[in-house]
Every structure is written in structure tokens, then in C-alpha cells.
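Q: Sharing a structure, written as C-alpha cells. Questions coming.
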Amino acid sequence: MACIKGVSRSASVALAPDAPYLAAGTMAGAVDLSFSSSANLEIFKLDFQSDDPELPIVAECPSSDRFNRLSWGKNGSASEGFALGLVAGGLVDGNIDIWNPLTLIRSESNESSLVGHLVRHKGPVRGLEFNVIAPNLLASGAEDGEICIWDLANPSEPTHFPPLKSTGSASQGEISFLSWNSKVQHILASTSYNGTTVVWDLKKQKPVISFADSVRRRCSVLQWNPDVATQLVVASDEDGSPSLRLWDMRNIISPIKEFVGHTRGVIAMSWCPNDSSYMLTCGKDSRTICWDMISGEIAYELPAGTNWNFDVHWYPKIPGVISASSFDGKIGIYNIKGCRQSEENDFGAAPLRAPKWYKRPAGVSFGFGGKLVSYNPKASAAGSPSGASEVYVHNLVTEHGLVSRSSEFETAIQNGERSLLRVLCDKKSQESESEEERETWGFLKVMFEDDGTARTKLLSHLGFNVPSEAKDTVNDDLSQEVNALGLEDTTVDNNVQDDVEAEESGDPSFDDSVQHALVVGDYKGAVMQCISANKWADALVIAHVGNASLWESTRNQYLKMIRSPYLKIVSAMVSNDLLSLVNTRPLKFWKETLALLCSFAQRDEWTMLCDTLASKLMGAGNTLAATLCYICAGNIDKTVEIWSRSLSNEHEGKSYVDLLQDLMEKTIVLALATGQKRFSASLCKLVEKYAEILASQGLLTTAMEYLKLLGSEELSPELTILKDRIALSTEPEKDFKTTAFETSQSHSGSFYGADHSNYNRNYYQESVPTQVQHGVSGIQYPDSYQQPFDPRYGSGYVAPTPPQQPQQPNLFVPPQTNQVAQAPQQNFSNTAVAPPPLRTFDPQTPPVLRNVERYQQPTLGSQLYNTTTNPPYQPTPPASSQVGLGHGQNLSQVVAPTPNPMGFMPVSGSGGVQRPGVGSIQPPSPPQVQPVQPAAAPPAPPPTLQTADTSKVPGHQKPIVTTLTRLFNETSEALGGSRANPAKRREIEDNSKRLGGLFSKLNSGDISKNASDKLLQLCQALDNGDFGTALQIQVLLTTTEWDECQSWLGSLKRMIKTRQSVRLS
């Protein structure tokens, strides 16, 4: 409904500029239903929160005469007593009364509210308005043709300037209306019933310009454009030619626009102060129209009454609210949006332009990547809003703790050094508040211990301390004790022998039968007789003298019979059945069981045994113990599954974000230790949540690195979208600095390699699988490397397998077996370096007892985990092009391993050589002395589109080179070519370098089939001029092949957009 409030009055209206009030003065020339001749000034409150449709009256006072015009100005006196400003009324008798509305509302006495009575004019005052810029100035015009300017800075003592009187061609008769310019303080316009409109300059006290239409129509009202200082609209109240014309003072020869809609004269008008494209007019045809001043069409129309409206106003406090006074004796308050729209829009499309007041003056919006965008009006030099807006982009961080912890964690692990990782785990363990966290980080710390101490540290962490004198050869005592059972050394102490001889059997027949069996060589019979007599010690000694099979059968029979707990351990060791030991030992002794596995399990069974133990503990409800065993097994999925349960509810006073950060830190550290390249599909949701939080805090690069841990086949649609948004939100990478070793990108060094080996700076980053030759400063072996020999278990020298093309490299590079440590990948030096002394392997003398020596000197780093055997290094003659070879150095062909995901593997040697689980390694021959090679020549500049070799590009990929070369030439020409400015020239050069790199990869066949196929599709779209499809394929490449194509995708996107926006002939 259009009318929202109203009151029954025949009155002229003025709306308070800064308060919800409406002043109404009894209209001259009209009577109400009571035929009263009295005149009143009333103030009504505009209470839009009230459901009462009637406007409540808050003040009233009598007036000496009726009103022709009413105006409400702002406080121009700078006094709190006039906080609501002043109300001026132009009366029929030519006087002007001034009221203080604040006093009128607060006081019961009406006399004190009248603060001024201005006597100057002769005849009715129809022109009356306060200056909107200087509210202390009041302009008035009357029937006598004079215009007076009153200064009401002191309302009780008003002053006035000399009256303005037009003469000559600018002569005006009866003033019908006047209006102040809303942009220039000293400019005033007046119009009269003789059809003349005059613009006055108060500084000069004279007219600036005057004009009238050709037929000098009566002018009833005028209004200045609120936004354009030189435009005003003049209306005529002649019924025969009701005109509504827009004039520009810069050219008054003819109006610039005329609005046609009224059929009878226009008697009132009001230009919207909030949107200059809307203006209200009312006429004698009983129509009240809201005009679209831009199109000249009717935008809205108020409901028609039985009589016409004679006064209309826009409410300054609430845009879109208007007042209309009618000769029906009613004052109505309307919502312009609730009024009827123009006829042509009744069943047609809605208006394409919304009112300006619908535009938010200020706003804020969250953006992807932790961005917060805000805007607000831009202030002009004078301090008032200029109409333009200022836009600000903020980096909004709400989880400061997460950002800080994530940055610290990245710094701690970025170099991947074991010492730093140990320090990190130790710090986390000490800072942990719960026992479970301390125990978890303690286990993780053990995984990064140095060679020779990892097993001891793990046993110590489990509560089993190895004697210091036995640390180097842990099982020597066990070996010696068992070897002591041998009968090769028959020399015994005489005293002991005498004691034995003195202790004779009480059954001579038994002794005779055993002796008889021994005399004839019947060891088996002798053993059986001893067993029958329950003489197990004698039986074992005789069986050992006999043969191996008799010894094993007798030993096994003895172990089955004896129920001692410690002999069950020996039985499992002898029978190589640690699985039954895991299944039968009580779970409360899980630490002892894990220690046994640590001491005696082989690498090919370590993971399975730890998983089995963990599963049993999990079934029994011992979550912490199960977690620690899963950590030892390197089972990331199960471990993280258990850790993730803490995310379901907050505990220990930690929020969800803190718990998630704890979980991801432990997960990454565990992945670093186990050498896992990718996370499985079961961890997708976890990584997605964490990446989303990181991205929301502005850590887009870090979030992308975590998403790279997931293979493309595991990506859900949501993850693909997230990855794409992050890729598109990050800036394109800068050109990498070219060095002499730019092509050496192999990262196949041992994860627990030599002390001088560097880890990949970014532990997420994938490396390029290539076979590279490195200069090696020397071959180092651990000081205490003893390899047992056991032909029964496949030991001996393993023939080297031929070099093979490595598979996709591991994310966290695993240890390499039988492979020399690589030289550092950074800070290469051309200075000759003397090789350190070599230490060869000393194979241990094969022991006599079988199935015992295999447990001698177990090494965690070499025997606990099953990994794919890597091909041994093969020395190759040094090439003349190699750089940085010192005296006595060899070149070795290093082949990246193809490891399976492995569990916890502490290192076994500081020199980078890992001890295998079984078998021995032939000592390498000493390195041959080679002369120092001269330094290499400076590196060639990176290829550009003009210099890249494309002679070896396969035929089916030739269209890629042709199309992209044409695209480069077209975009370069569009950017200015040789005449381009420096910024555009740099862009052209960058495009050339990026495409040159792509062409070089095509030439060397270093582009995957998927990327090549998509490039062919993209080039086909470019050939067809379908740039939209080309951009879609580019986005697809960004999502699926980012790691391979990131160096040139940004430039390709840039060129496509440039070509799309330019039409070339």
C-alpha cells in the first residue's frame, strides 16, 4: 500500500531536515470541513514504528494569518536552543513568522516559540526557502516582486540585506517561487507569474541571467538539480500548456529537455535530494508523478484522489518517502516504491535502474584467501562525499595462533634435517600437556635418531636399557653363551672335570647303553635314551655333537616341553615365528613384545608384526599403545584415524583449530619419517579441512602444498574446486635464477643420508625423476658395520641389477640401500677436495650354530622394514663436462629408488650406506685418482621462443609450436611490439621465455601425454578463434597438471586474454 501515514489537514507542509517531524501550516485559499477561518502551525511526529496510520500531533500554535509557503531550515545559529532549526512561514498578509520548533514541542506556552516576525513585503509571500549550505540565510519573495535575504544567525534579532529588485528585461512581477542553488551558496533563482526566471548572484547583488520561454508561460515553481549546479527545472501552471522544462544556464536559448505527462497546470514540484534522477510534480489534473529525469519517462505515480495535490516534498531522512498535501483536506505520507509504476511497465520488464538510495554507501564482503573487501564514500576536498567510493582490501586473520604455529612448523621442517626434526619433536613433547601427547612425540623423536643409537633409544624409551659395554655388539653375549654349548673346544678345567667324574649315574645299565650308542656312532639313540631318562642337558650336548638335524629336532623338542616364558621367546626366535609370539603374549606386556620385535624382527616382517600388535591393542581398548605401535609400523592411515577422533569434541581447553593443527603436525612429521610420498584417499577430508582453514587465513601457498600431498585420482570435486581457486588466487611465480647446475634436479638422496646431504627445501615439492651424475667427494661407511653371513637365509653377494628408469619420486625421499651418498645439491664448489679414508666391510666369521647368528647385531635402520632393493651404484668414467670433481673423486651413476611406503627406519650409517636386512655387501674397490677437472663455462641463457630448438618435436605436437608461436606474435604486436613501453616489453620478454621453456620440454619429450593432449585441444580452440574454450582448457591444466605446467601456464593465460580482447586484422 502506497500511503503509510496521514492526517486530515488542508495545509502547506515542511519536513524537518534532521528530525522525524513534519510541520503543517493552514493553507491559504482553502477551507476544511469545519469552515474554520483560524490559522495554525502544527507539528506532527513521523513515527514509522507505530502501527497507527494517523500522524500524532506533538505541538500546535496559532498563526496571525494563513500560509502560502512553509520552510524548515537547519540550525544556523550554532545554539543548542535551536537544535531542531527554525520554521519559517510565508503568510498571506506579506509577513514572515519564525518559530523555534524545539521550544514549541517542549513548552506548553506557544508565545515563547515565536522567535521572529519579519515585516517587509507587500502582498502574499509565495517564495520562501532556507539556504541548504548556509542555514542562517532565509530568502523570501512576494507579490511586490522584491526578494529579501534575511540573516537569522541570531533569530531574535534578524537582519536583512538590501532587497533584490529586477529591472528591464529581467523585471519580475509577482514572485511565485524561489530556490537556493544546492552547490553554490550565493546563487539564488526566482520565477514569477509573468514567465520570467532570474538567477541571482548575491555577492554582486544583481541578476546573473534571466530567461523565459517563447510564449512567456506563467511560471509556478522551479527546482535546482541537486547534482548539477547549472541545471534547473521550471514548471508552468497554465492549463492550456502545462510545461515542465529542464534548462541549463550555460545555454538558455532553448531548454535541453521537456517532460510531457500532465494535462493541466503544474503547481508544485520537488527534486529528490538522494537521487537526482527522480523528481515529483503535482498538477491540476489530479496527478502526482515521479519522473525519471534521465529517460524523461514517468517512473511512478501516486494514487489519484478526488482533488488535486498542491504541495509535495521528499523526506530528507528516509529516501523514497514523500509527503503530499491535497485540496481534499489530507496530508499523506507515501512510499514511492509502493506507488503504481508507469503503464508500459505494468506487464513488462522491471526498471533496469534502481534508485541511488538502494546503493549502499559503505559495505564489506569476505573474499577467498582471507581477504576482506570494504568500501566507503570518498570524501572530497571540502570534506563532503564526492559520490566516488574508496575500496580497501584487507588481509583478515582470525586464527592468529594457527597462522603463527603453521609458520613455525614450516620453518622447522623445511630443510628436513634430522637434528632439527629431533629438536622439534623434543620441544613438542616437553610442551605437551597430556601424557598421551608426550608419549607420541617421544616415539616420533626416536624415529629421527642417528645411526647406531636409534635401536638403543627406542629400547630405552620402552624402558629397556642396554648395558653400555654391550652397545656396540648387542647380542655378543647371547652368541657367546650359545656358542659355549659347542663341543669343539673340549678343554675344561681339571677341577670341574673331577667334579663331573665324581658325579656318576646311579644306573650303570643306562650309562652302558648310552656309551654303547656313542661308541657305534648312534647319536640319535643316545639322545633318545637321555630324553627317556629326562637328562635333557646330556641329550642336547650329544645332539650337538651328532649333526645339525639331530641338534635342531632335539632343541625343538626341548623348547616345546618347557613352559618357561623366556624359553617361549627363544622358541619364537629359533623357529622364526615372531607372529605367534605377538598373538600369544599378554597385551599388558606390549612394551616387552615391541622391544622383542625391535631386537629380532627382520625388515620384511617388521611392519606386519607391528600392525598385528597394534590391532590387538586396539581391540582391547588400549588406544595409546595401539597408536604407538602403528607409528612404529609406519601406518599413517590407522594412526591418523585414531588421532582424528580427538577432533570430534574440544578437550583440554583447545579449540577445533588447535586440535587440527596438532593433528597435521604429527601427521607430517610421521610422513617425513616413513617416507610416504602421497596421502591416501582416507585422508582427503582431513587435508581438505586443514587446507580450507589455511586458505581462509591467507596462507594460500601453504594450503596448496598440502593439497599436493593428495594424488589427482583421490581429489573429490570439492577438492578440485578448492585447488583451482587457490591456484587462480596466487600470483604467478617469478623467473627462477639460472645456475650452472640447473639441470641437476634429482632428489634421490637418502632421507637419512650423510650429514652433509641437504633435504629438499620445500618438503612438499615433487622432484623431477631424472638420472643424474654427481661429483662425490668420497665414500664413507659406518665405523661399526658388521654383516652376518648365513647361506641358509639367502645371504652372500647380491648381483647388481641393471640400472632402471626410476618411478615417480617419493615425496619424502627414503633411505637408499647399497648406494653411495650424493654430494650436496647446493653450494657446489669447483675446488678440489681430498677424499676421506675408506673403511671396507669385514665379514664376520660364520658361527657354528645355525639359526642363532641371524639375530646377531640387528640394526633397526636395515632390518626392521621391507623396502624395494635399489640397484647398486656403478662407477663410470668421469666426463670432461662434469664440474666440481676434486682429487681422487669418482662419478657414480645414481638411480632414484622406487620404494614402497616404509615404516620407522632409523639410520644405519652416517655415510649414507644402508645395511640390508640379509646378505652381505662386497667391499667396493678404492676410488681411482682422477685429475682435477677445469671449471665449467658459464651457463647458457634460458631458451626463448626465438632460440628454443624444436627440431626434435614429434610430428603430432608440431601444431602446438605453430599455434603458440602465432599467438605470441599476435599478442606481442597487440602490446606494441618494438614500440611497447617498458612494462609491456617486459611482459613480451617473459612470454618468450616461458614459451621457450615449453618448446624445449616438447623437444626433449619431457611433456606428459595428458598435458600434451590438453595442449593440442587448446591450440585447436585457438585456431578456431574459440578463446573461451581455450581458457577453460587452461584452467583444466591448472587443476590437473599444475606441477608440470606451472612455469608457462600463467603466460599462456595472459596471452589468450590479450588476444581475446584485441581484434586483429
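In terms of full-length UniProt numbering, the sequence shown opens at residue 1 and continues consecutively. The beta-carbon is built from N, C-alpha and C at its ideal position, and this holds for glycine as well.
(1) Roughly how many angstroms separate the alpha carbons of A362 and E390, rounded to a whole number?
(2) Mapping the DSSP letters down to three states, classify F409 as helix, strand or coil.
(3) Can you give me the C-alpha to C-alpha distance between E552 and F510, rounded to a whole angstrom?
(4) Residues in its own chain within less than 6 Å of E665 by CB, not counting five upstream and five downstream?
(5) What are the start and end residues of the alpha helix (DSSP H) that includes W590?
(6) Classify Q430 as buried or exposed, calling it buried when 16 or more other Cβ atoms lie within 10 Å of its own Cβ.
(7) Is A304 buried or exposed, if buried means 16 or more other CB atoms sit within 10 Å of its CB?
(8) Taking 8 Å as the cut-off, decide whether the C-beta atoms of L118 and N95 are in contact.
(9) Assuming S276 and N225 form a contact by the criterion Cβ under 8 Å, report the distance between their Cβ atoms to the nearest whole angstrom.
(10) Do P53 and G6 have their C-beta atoms within less than 8 Å of each other?
(11) Let's see if you can read the secondary structure: which residues bound the beta strand (DSSP E) around N583?
(12) Suppose the cutoff is 7 Å on Cβ atoms and the five residues either side in sequence are ignored; what does the same chain contact list for L550 look like?
(13) Name, in chain order, the residues that DSSP records as bridge partners for S325.
(14) Can you give the Cα-Cα distance for K317 and L244, rounded to whole angstroms?
(15) Output needed for D426: all residues of its chain with C-beta closer than 8 Å, excluding positions within five of it in sequence on either side, in chain order.
(16) In or out: Q914 buried (at least 16 other Cβ within 10 Å) or exposed?
(17) Assuming G6 is part of the beta strand (DSSP E), what are its boundary residues?
(18) Leaving out the 5 sequence neighbours to the left and right, which residues in its chain are closer than 7 Å to L1049 when beta-carbon positions are compared?
(19) Have a look at A533, A153, I726, Q515 and flag the residue whose alpha-carbon is nearest the alpha-carbon of G367.
(20) From the DSSP output, read off the bridge partner residues of K952.
(21) For L84, which of L91, G90, F443, S71 has the nearest alpha-carbon?
(22) Per DSSP, C282 is paired with what?
(23) Work out the CA separation of S1061 and S432 for me, nearest whole Å.
(24) What residue range is occupied by the uninterrupted beta strand (DSSP E) comprising Q223?
(25) If you reduce the DSSP assignment to three classes, tell me which class F368 lands in.
(26) Do T627 and T612 count as a contact pair if the criterion is CB distance below 8 Å?
(27) To the nearest whole angstrom, what separates the beta carbons of T191 and L222, a pair I think is in contact under 8 Å?
(28) Measure how close the beta-carbons of P941 and G997 come, nearest whole angstrom, since I'm counting them as under 8 Å.
(29) State buried or exposed for M561, treating a residue as buried only when at least 16 other CB atoms are found within 10 Å of its CB.
(30) If we ignore side chains and look at the alpha-carbon of each, how far apart do L420 and T411 end up?
(31) Could you give the first and the last residue of the continuous beta strand (DSSP E) run that contains I149?
(32) Just the Cα atoms here: how many angstroms apart are L663 and R986?
(33) Quick check on the burial criterion: 16 or more other C-beta atoms within 10 angstroms. Buried or exposed for H121?
(34) Going by C-alpha to C-alpha distance, which of L1022, H160, K952, L707 sits closest to S1004?
(35) Could you check how far apart the C-beta atoms of G265 and S220 are, in whole angstroms? I think they sit under 8 Å.
(36) Determine the DSSP secondary structure at Y392, reduced to helix, strand or coil.
A: Looking at the atomic coordinates:
(1) If you take the alpha carbons of A362 and E390, they lie about 9 Å apart.
(2) It is helical.
(3) Near 24 Å, if we compare the C-alpha coordinates of F510 and E552.
(4) Closer than 6 Å at Cβ, skipping near neighbours: F409.
(5) For W590, the enclosing alpha helix (DSSP H) starts and ends at 590–600.
(6) The residue is exposed, with fewer than 16 neighbouring Cβ atoms inside 10 Å.
(7) Residue burial is scored here from C-beta neighbours: A304 has fewer than 16 other C-beta atoms within 10 angstroms and is therefore classed as exposed.
(8) Against a cut-off of 8 Å, the Cβ pair of N95 and L118 comes out as a contact.
(9) Yes, they are in contact, since the Cβ atoms of S276 and N225 sit about 6 Å apart, within 8 Å.
(10) Taking 8 Å as the Cβ cut-off, P53 and G6 qualify as a contacting pair.
(11) From DSSP, N583 is part of no beta strand (DSSP E) but of the alpha helix (DSSP H) over 578–584.
(12) The residues are Y523, K524, V527, A543.
(13) Looking at the DSSP assignment, S325 forms a beta bridge with D311, I331.
(14) Distance between the alpha carbons of K317 and L244 is about 27 Å.
(15) Only W441, K445 meet the Cβ criterion.
(16) With a pLDDT of 37 at Q914, under the threshold of 50, the modelled position of that residue is not reliable, and no figure is offered here.
(17) Its beta strand (DSSP E) spans residues 3–7.
(18) Q1034, L1037, T1038.
(19) When each option's Cα is compared against that of G367, the closest is I726.
(20) BP columns for K952 are empty, so no partner.
(21) Taking L84 as reference, the option from L91, G90, F443, S71 with the minimal CA-CA separation is S71.
(22) DSSP lists A268, T288 as partners of C282.
(23) Roughly 58 Å between the two C-alpha positions.
(24) Segment 219–224, the beta strand (DSSP E) holding Q223.
(25) Per DSSP, reduced to three states, the secondary structure at F368 is coil, with no helix or strand assignment.
(26) For the pair T612 and T627, the CB atoms are not nearer than the 8 Å cut-off.
(27) T191 to L222, Cβ: 5 Å. Contact.
(28) Actually they are not in contact, since the Cβ atoms of P941 and G997 sit about 12 Å apart, beyond 8 Å.
(29) The residue is exposed, with fewer than 16 neighbouring Cβ atoms inside 10 Å.
(30) Cα to Cα, L420 sits roughly 10 Å from T411.
(31) I149 -> beta strand (DSSP E) spans 146–151.
(32) Between L663 and R986, the alpha-carbon positions lie close to 45 Å from each other.
(33) So H121 counts as buried.
(34) Selected option, being the one with the closest Cα: K952.
(35) Their Cβ separation, rounded to whole angstroms, is 7 Å, which keeps G265 and S220 in contact under 8 Å.
(36) Note: Y392 maps to strand in three-state DSSP.
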